[in-house]
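Enquirer: Here our numbering is used: the first residue of the sequence shown is 6, the next is one more, and so on. Positions of the beta carbon are idealized from the N, C-alpha and C atoms, including for glycine.
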Amino acid sequence: MKLLEAGSAAPGFTLPNQHGSNVSLAEFQGSQPVVLIFYPKDATGG
Numbered sequence: 006m007k008l009l010e011a012g013s014a015a016p017g018f019t020l021p022n023q024h025g026s027n028v029s030l031a032e033f034q035g036s037q038p039v040v041l042i043f044y045p046k047d048a049t050g051g
């Protein structure tokens, strides 16, 4: 995945929520603000 710059659009993706239902980023587009935080190498030793 190429690096994103601050303020640029995030790539589309779908992930399970806390209830196991799939949620797509596109479902929120234009309806409410969304803040995404990416943690590179989260939970790894490097």
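Using the three-state DSSP reduction, which class does leucine 20 fall into: helix, strand or coil?
Expert: strand
Enquirer: If we call anything under 8 Å between Cβ atoms a contact, is threonine 19 one with serine 29?
Expert: yes
Enquirer: In terms of residue numbering, what span does the beta strand (DSSP E) encompassing valine 28 cover?
Expert: 27-29
Enquirer: What would DSSP say about glutamate 32, mapped onto helix, strand or coil?
Expert: If DSSP states are grouped into helix, strand and coil, glutamate 32 belongs with the helices.
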